[in-house]
Structure formats: C-alpha cells, structure tokens
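*Asks:*
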Amino acid sequence: MTRSGNIHRTTAGAAAALGLCAALAGPAAAAPGPGPTPGGAVAGKTEHCVVHLEDHGKRTCHAGFREAVEDATGGRVTDAPDDPGKAMADPNVLDRIGATDGPRLGPIVLSIEFEHIRFGGSSISFTGTHECQSGTANPEFSYEDLNRVGWNDRISSYRLFANCLANHYENPAWNGVQTGYQATTEYIGDLMNDRTSSLRWS
Ligand SMILES: [Ca+2]
Ligand SMILES: [Ca+2]
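According to mature numbering (1 follows the signal peptide of the UniProt record, and there is no 0), the sequence shown holds residues -30 to -1, 1 to 172 in order.
Right, dumping it as structure tokens:
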C-alpha cells in the first residue's frame, strides 16, 4: 500500500503544530528543570501529557496516568492503572493501548516516553493517525523540538506501540547523537539518557 501522502502530511502537520504548541505552552511546559537522575526522586509533581500529532500537535496534560491513557486512546482505555510502571507491565492494558484497528478507533498511540528508567516518573505520550508500516527509511511521524513541550533532555525509558520504532536524537531537528530506531526499552542507555531533544517514529 502507498503511504507517502500520509507521511508527508503528518510530518508537515507535526512541524506546523510546533509553533502552535510554543504559543500555547503553559506553566506546565515552562520548567522541566535539570534532568533527574534515573530512578531518582522526582522534583515536584509528576505529570502525564499527551501530544496529538493527528490533531496539529495539540498537547494536554493530566495529573494521573490513567487520565493520560484515556486521552491518548481517544477514550478507549479508561481503566489503566494509575501507576505507570504497573500499567506498562500489564499485557492486557498494553494490548488495548496498542490497538490499531476497530470501529471509531480514534488516535493511535505511537509511544509513551518516561522521565525515569523502568517507565517511571512523568510521561509524555505521542499519538498519530495510523500505525507504523513503512520500515525505517521514511519516518512516519516526527517531533522537532521537545523543548516546546517541556521535555528536553528528560527521557530515560519508553514503550512503543502500533508497530512503531522510535529514534531519539540528541539535538532538536533530528541532529546530533541518536539511538537509532529502537523498540521498547526500560532504559535508553548511558549515551542518550536525559539527552533526547527530538524524535522520529517509523
Ligand atoms: Ca530522565
Ligand atoms: Ca539534547
């Protein structure tokens, strides 16, 4: 199947959305603070945000992980454990978050990125229009600068969904050191821990 139309449209949409996000960024995005050490104590409250790439990069944040999962899945999954680590260890919950077909599906969850190792601390979920299918030569979704959502140099672990792999880049606009396209990991590794500034999914 051909998917290039979607690829280009989505990438452009995500890029266009960044300006919007910057304009709308509230207090929640203003103070990411120094990157916490893996597994370390969280300075301040945890927060669980969702960036809807399928909706011009619209970002919403929640105090609880359960609410964030409900948001990211378009209301499909309303009963995820509020403890992200517990949720990410529950195969049934993971299956439902990662569903990519069904009636009135809504947003597709691409990945959930976490502040700490082992899916701990605050989180930011990215959603898109479809599951990843094209291999890694042509990234299907991208996010140019995590500064705009208060997530620069914070990511320590992530869980991928929807057949996607993610590439994590040291600098905005997909520059600098990168992880290469990787599946779920409970630790991003010493090279890129607390260094990610932009993302691609494919
Ligand atoms: Ca971190
Ligand atoms: Ca960086």
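Ideal Cβ positions, reconstructed from N, Cα and C, are used throughout, including at glycine.
1) Using C-beta distances below 6 Å, list every residue in its chain close to E40, excluding the 5 sequence neighbours before and after it, in chain order.
2) Candidates I87, D164, G105, I78: which alpha carbon is nearest F96's?
3) I need the DSSP call for L135, collapsed to helix, strand or coil.
4) Are the CB atoms of R170 and P109 nearer to each other than 7 Å?
5) Using only CA atoms, which one of G159, E85, A153, L23 lies nearest to V147?
6) Is G14 buried or exposed, if buried means 16 or more other CB atoms sit within 10 Å of its CB?
7) Assuming S92 and E17 are in contact, meaning their beta carbons sit under 8 Å apart, how far apart are those beta carbons, in whole angstroms?
8) What span of residues does the beta strand (DSSP E) with I78 cover, start to end?
9) Does any residue of chain C bring its CB to less than 7 Å from the CB of R124?
10) When you compare only the Cα positions, how much space is there between S167 and V119?
11) Suppose you measure from the CA of P54 to the CA of W121; what does that come to, to the nearest Å?
12) Tell me, to the nearest whole angstrom, how far the beta carbon of R46 is from that of G76; I am working on the premise that it is less than 8 Å.
13) Got a sec? Which residues, its chain only, sit under 8 Å from E140 by beta carbon, not counting five neighbours each side?
14) Taking all protein chains shown into account, decide if G90 is buried (16 or more other Cβ within 10 angstroms of its Cβ) or exposed.
*Replies:* Straight from the coordinates:
1) Once the five neighbours on either side are set aside, the close Cβ partners of E40 are T48.
2) Minimum Cα distance to F96 is reached at I78.
3) Per DSSP, reduced to three states, the secondary structure at L135 is coil, with no helix or strand assignment.
4) By the CB criterion at 7 Å, R170 and P109 fall inside the cutoff.
5) Cα-wise, what sits closest to V147 is G159.
6) Only exposed fits G14, as fewer than 16 other CB atoms lie within 10 angstroms of its CB.
7) With a Cβ gap of about 5 Å, S92 and E17 count as contacting.
8) Boundaries of the beta strand (DSSP E) around I78: 78 to 86.
9) Annotation note: the requested chain C is absent from the structure, which comprises a single protein chain.
10) Spanning the two alpha carbons is a distance of roughly 11 Å.
11) Cα atoms of P54 and W121: separation of roughly 17 Å, rounded to the nearest angstrom.
12) With a contact defined as Cβ atoms closer than 8 Å, R46 and G76 qualify at about 7 Å.
13) Answer for E140: G146, V147, Q148, M162, R165, T166, S167, listed in chain order.
14) The residue is buried, with at least 16 neighbouring Cβ atoms inside 10 Å.
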